[in-house]
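Note that our numbering has the sequence shown beginning at 9, numbered continuously upward.
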Amino acid sequence: MYENATASIQINGKLTGPIPIQCAIRHGCPLSMLLYALCQHPLLRMLENKLPGIQTGHRARRTAVVAYADDVTIFATSPTDFKKINEAIHIY
């Protein structure tokens, strides 16, 4: 589906020549949800299980990772958390 994919950029009403897309997923691509489920979700669950996280608001549950689309925020609460994060990324 992405073999030989290209994109163009419009600047001041003029299009650039084709630019090869070598990585990433196009915005709105139907594959993005599947790739999230197969790739990003397991990493997020692993981080949630390894890290103590932070408490937000009045909830008793703690949060270690917040993700939206391709943006991921990891809450490290101590220097030892960085080792756990690196281990999870290495496994991922």
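For each residue, glycine too, the CB sits at the ideal point set by N, CA and C.
Since this is a predicted model, take the numbers as computed values, not measurements.
- Minimum C-alpha distance to PHE90 - residue among MET9, GLN30, PRO60: PRO60
- Under 8 Å between C-beta atoms of GLU56 and VAL73: yes
- What's the call for LEU42, buried or exposed, on a 16-neighbour Cβ count within 10 Å? exposed
- Burial state of LEU46 (16 or more Cβ within 10 Å): exposed
- Message: Just to confirm my understanding: we take ALA75, look at its own chain, exclude 5 residues before and 5 after, and list those with CB closer than 8 Å. What are they?
- Response: The beta carbon of ALA75 sits closer than 8 Å to the beta carbons of GLN48, LEU52, THR81 from its chain, once the five residues preceding and following it are set aside; these are given in chain order.
- Nearest to THR24 (by Cα), restricted to the options LEU39, THR14, SER40: THR14
- Message: What I want to know is whether the C-beta of HIS49 ends up closer than 7 Å to one or more non-hydrogen atoms of the ligand ADP.
- Response: No copy of the ligand ADP appears in this structure; indeed no ligand is present at all.
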